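My numbering numbers the first residue of the sequence shown as 411 and each following residue consecutively. Even glycine gets a Cβ: it sits at the ideal position worked out from N, Cα and C. Only a predicted model underlies this, so the values are computations on that prediction, with no experimental measurement involved.
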Amino acid sequence: MRFRSVHLAALLAVAAPAVHADVKLNPLFTSGAVLQRGMPVPVWGTGSEGEEVTVRFQGQSHKVFVEQGKWRVNLRPLKAGGPYSLLVMGKNKLLIDDMLVGEVWICSGQSNMQW
Numbered sequence: 411m412r413f414r415s416v417h418l419a420a421l422l423a424v425a426a427p428a429v430h431a432d433v434k435l436n437p438l439f440t441s442g443a444v445l446q447r448g449m450p451v452p453v454w455g456t457g458s459e460g461e462e463v464t465v466r467f468q469g470q471s472h473k474v475f476v477e478q479g480k481w482r483v484n485l486r487p488l489k490a491g492g493p494y495s496l497l498v499m500g501k502n503k504l505l506i507d508d509m510l511v512g513e514v515w516i517c518s519g520q521s522n523m524q525w
């Protein structure tokens, strides 16, 4: 009987991490990131089903529950500045420092862009 209980305990220990998934941010949100000023800014990631996620940034605090493994909040328009810290809390805490708010430009073009 002891043999079976040891195997059951080992199986539960291996399976337990699959049941609990820490809240995570999309990889776009890192130290040194720039968030667009003057418009709503989406912040999103993943977590455990039904987990409550709180996002705090620049005096704003938003709560949401994870649905189908995903969560998302929209920050109200931000003023340019920084560096700031982004705090995301669920079953675990994530703190991203050195985030800026300003103009975000995406440039692309042909090989003759230098002209």
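By the criterion of a C-beta distance shorter than 6 Å, M499 is surrounded in its chain by T464, once the five residues flanking it on both sides are discounted. Counting along the chain, Q470 sits inside the beta strand (DSSP E) bounded by residues 470-475. Each residue's CA atom was taken as its position, placing P493 and V474 some 25 Å apart. Counting along the chain, the unbroken beta strand (DSSP E) around R482 starts and ends at 480-485. For F467, the three-state secondary structure derived from DSSP is strand.
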